[in-house]
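**Q** One structure coming up, written as C-alpha cells, with questions to follow.
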Amino acid sequence: MINTYPLLRPLLFSMDPEAAHDFSFAQLDRLERCGLLSRFIGEPLIKPVHVCGIAFRNPVGLAAGLDKDGKHIDALATLGFGFLEIGTVTPKAQSGNPKPRMFRLPKANALINRMGFNNDGVDACVERVRRSRFYQEGGVIGLNIGKNASTTLEDA
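With the first letter of the sequence shown counted as 1, position 67 gets the number 148 in the numbering used here; the numbers rise by one all the way through.
Structural data, given as C-alpha cells:
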C-alpha cells in the first residue's frame with residue numbers, strides 16, 4: 082500500500098482542521114463508491130470474535146467521534162474495522178459549538194476537539210445505519226448517544 086500522507090499533508094494542513102476532516106472523508110467516500118478503496122486496502126482481516134453473543138468480524142473496531150452522523154459507514158468498514166461506533170448523536174439535530182472548534186497543536190502532534198456534539202440527530206443517523214451495506218451484511222454498529230445542549234441535566 083502506498084503511503085500518500087506525506088504528499089497530502091501540506092494540502093490538509095493548509096485547510097482549517099474541520100475542513101480537512103470533511104475533505105478527507107469526501108475523498109474516502111468517493112474511492113469507496115467507485116470500488117477503488119478496496120483495491121488500495123486489499124482484503125480485510127477476517128478473524129471473528131464472539132463477545133456476549135455478538136459476532137464481530139475481527140477484534141479491531143472504531144470508537145465514536147470520527148463519524149458523528151453515520152455518513153461514512155461503508156467507507157470505514159472497507160478499511161477493515163470489525164465494528165464501528167457512530168456518534169456522538171443527540172435526540173434532536175444541533176449545530177454544536179461556533180467555529181472555529183477544532184484546533185491543531187503541531188508541536189504535540191495533537192488536535193483539540195471542541196465540536197459540541199454537532200450532528201443531524203438520532204433519526205437521521207439510524208436511517209443511515211439501516212441503509213449501509215455494512216449493517217445489512219451483519220456488521221456490528223454501536224451508537225454513542227449524548228444529550229442535546231438544550232436539555233437540562235435533570236431531564237437528561
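Using N, Cα and C, we set each Cβ at its ideal position, and we do this for glycine too.
Are residue 156 and residue 198 close, meaning C-beta to C-beta below 9 Å?
**A** On the sequence shown, position 75 is the one that residue 156 refers to. On the sequence shown, position 117 is the one that residue 198 refers to. Their beta carbons are not under 9 Å apart, which means residue 156 does not touch residue 198 by this criterion.
**Q** Using a 10 Å radius around the Cβ and a threshold of 16 neighbouring Cβ atoms, would you call residue 159 buried or exposed?
**A** If you number the sequence shown from 1, residue 159 lands on position 78. Looking at its Cβ environment, which holds 16 or more other Cβ atoms inside 10 Å, residue 159 is buried.
**Q** Taking the runs of the alpha helix (DSSP H) that are 4 residues or longer, which of them lie wholly in the stretch 85–171?
**A** Qualifying alpha helix (DSSP H) stretches, in chain order: 86–94, 98–114, 117–122, 154–159.
**Q** Do you know offhand how far residue 129's Cα is from residue 141's?
**A** Translated into positions along the sequence shown, residue 129 becomes position 48. Translated into positions along the sequence shown, residue 141 becomes position 60. Whole-angstrom Cα-Cα distance: 10 Å.
**Q** What are the partner residues of residue 175, as DSSP defines its beta bridges?
**A** The residue labelled residue 175 in the question sits at position 94 within the sequence shown. Bridge partners of residue 175: 200.
**Q** What is the DSSP secondary structure of residue 182, counted as helix, strand or coil?
**A** Sequence index remark: in the sequence shown, residue 182 carries index 101 (1-based). Residue 182 falls in the coil class under three-state DSSP.
**Q** May I have the straight-line CA-CA distance separating residue 207 from residue 222, to the nearest angstrom?
**A** Mapped onto the sequence shown, residue 207 falls at position 126. Mapped onto the sequence shown, residue 222 falls at position 141. The alpha-carbon atoms of residue 207 and residue 222 are separated by roughly 10 Å.
**Q** Quick one: what does DSSP say residue 191 is sitting in, helix, strand or coil?
**A** As a working note, residue 191 is residue 110 in the sequence shown. If DSSP states are grouped into helix, strand and coil, residue 191 belongs with the strands.
**Q** Between which two residues does the beta strand (DSSP E) containing residue 222 stretch?
**A** Locating residue 222 in the sequence shown gives position 141, where the first residue counts as 1. Residue 222 -> beta strand (DSSP E) spans 221–226.
**Q** Taking only the alpha-carbon atoms, compute the straight-line gap between residue 110 and residue 169 and give it to the nearest angstrom.
**A** The sequence position of residue 110 within the sequence shown is 29, counting from 1. The sequence position of residue 169 within the sequence shown is 88, counting from 1. Spanning the two alpha carbons is a distance of roughly 20 Å.
**Q** Quick one, are the C-beta atoms of residue 121 and residue 112 less than 9 Å apart?
**A** As a working note, residue 121 is residue 40 in the sequence shown. As a working note, residue 112 is residue 31 in the sequence shown. Yes; because the gap between Cβ atoms is below 9 Å, this pair is in contact.
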